[in-house]
Each structure stands twice: as structure tokens, then as C-alpha cells.
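With mature numbering (1 follows the signal peptide of the UniProt record, and there is no 0) applied, the sequence shown corresponds to residues -19 to -1, 1 to 113, in that order. Note that CB positions come from ideal geometry on N, CA and C, so glycine has one too. To start, the structure under review is shown below, and the notes come after it.
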Amino acid sequence: MNQIALSLTLALAVSSASCVETVAVRQAQAPLPEVLVSTPRAAWRVVDEDSDVGFVLRFEATGDGRAFHSVRNVWNQELGLIDSEGRAWRYRPHSTEPDWLGTGPVNEGASRILGLAAAHLEPVSLDQVRGR
């Protein structure tokens, strides 16, 4: 009986030793995100019925000429943006994706983002916006 148990144990050990599996693990190389450095170049005050309701700042990327407009309220909080194609996007609290509101000129995009019927843009200095 001992002889049979020893034979079975050896047979099991030999058969399991012959099945060796090698797994090579390599870390995936995720592409690095593109860093866009942009600086404000121009600013406008958004006026609705003789009262200031916000600002629009034009940002230009250094080096490639790309630009976008940042739409802000009177407290200088960014509410949305207008991309170089004229698409207006409004940020929603607690959401990862902005809402697309439409496409058109900058003043129409600012109106949509600020919830106005029609906005009038008046040029101001960047210092006036930063001072708020």
C-alpha cells in the first residue's frame, strides 16, 4: 500500500512539474496628455440692460495660434467657454462634461452661457477683470 501511494505521489509530482507557465508582465505606456499653455489677450464686459453681468476673456495658446473665449460671471467665476469653432459650452456643477448650447458668434455664445436674451460686449482692460 505504501508502494502505491509513493508511486502516485511521484507520478503527480512529475506531471505537475512538466507544466510550467511563464507570464511576462509589462506596464502599458499611456500617452502623455497635451499641455496647453494659454494667456489672456483681450477682455470684454458683458452688459445686459445697463448692468454688468459678466466678462469674456480671449485666451490664446502660445506657439500655435489656437484660441478660446472664457465666459465668467461678475465674480470672475468661469461658467463656460466658446471654442475656436464658435461652439458654446456651459459647465454644470457636479458634472464632468459641459453642456453644448449652440454655435455662433462670441456674443451669442456669451448670451447662451449667461442665460441672456442678447448680450452686448464692451472692451475692457485685462486689469479691470483681474481686479474683481
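*Could you work out which residue in Q10, L60, L38 is closest to E78 when comparing CA atoms only?*
L60
*Closest by CA to R53, which one among G44, A5, V110?*
V110
*May I have the straight-line CA-CA distance separating E103 from T43, to the nearest angstrom?*
25 angstroms
*Is the beta carbon of V34 sitting closer than 8 angstroms to the one on W25?*
no
*Measure the Cβ-Cβ separation of R93 and G83 and say whether it is below 8 angstroms.*
yes
*Considering only the beta carbon of each residue, do G67 and G96 sit closer than 8 angstroms?*
no
*For A91, is the classification buried or exposed, using 16 other Cβ atoms within 10 angstroms of its Cβ as the cut-off for buried?*
buried
*Comparing alpha-carbon positions, which option in S51, Q(-17), A98 lies nearest A69?*
S51
*Mapping DSSP to helix, strand and coil, what is L13?*
coil
_Check whether I63 and F49 have beta carbons under 8 angstroms apart_ = yes
*Regarding E66 and the ligand NAD, is the C-beta to nearest heavy atom distance less than 7 angstroms?*
Only the bare structure without any ligand can be found here, which leaves the ligand NAD out of the picture.
*Simplified DSSP assignment, three categories, for G112*: coil
*So is S76 in contact with chain B if we call contact Cβ pairs under 8 angstroms?*
Among the chains of the structure shown, chain B does not appear; only one protein chain is present.
*Reduced DSSP secondary structure (H/G/I, E/B, other) of G90*: helix
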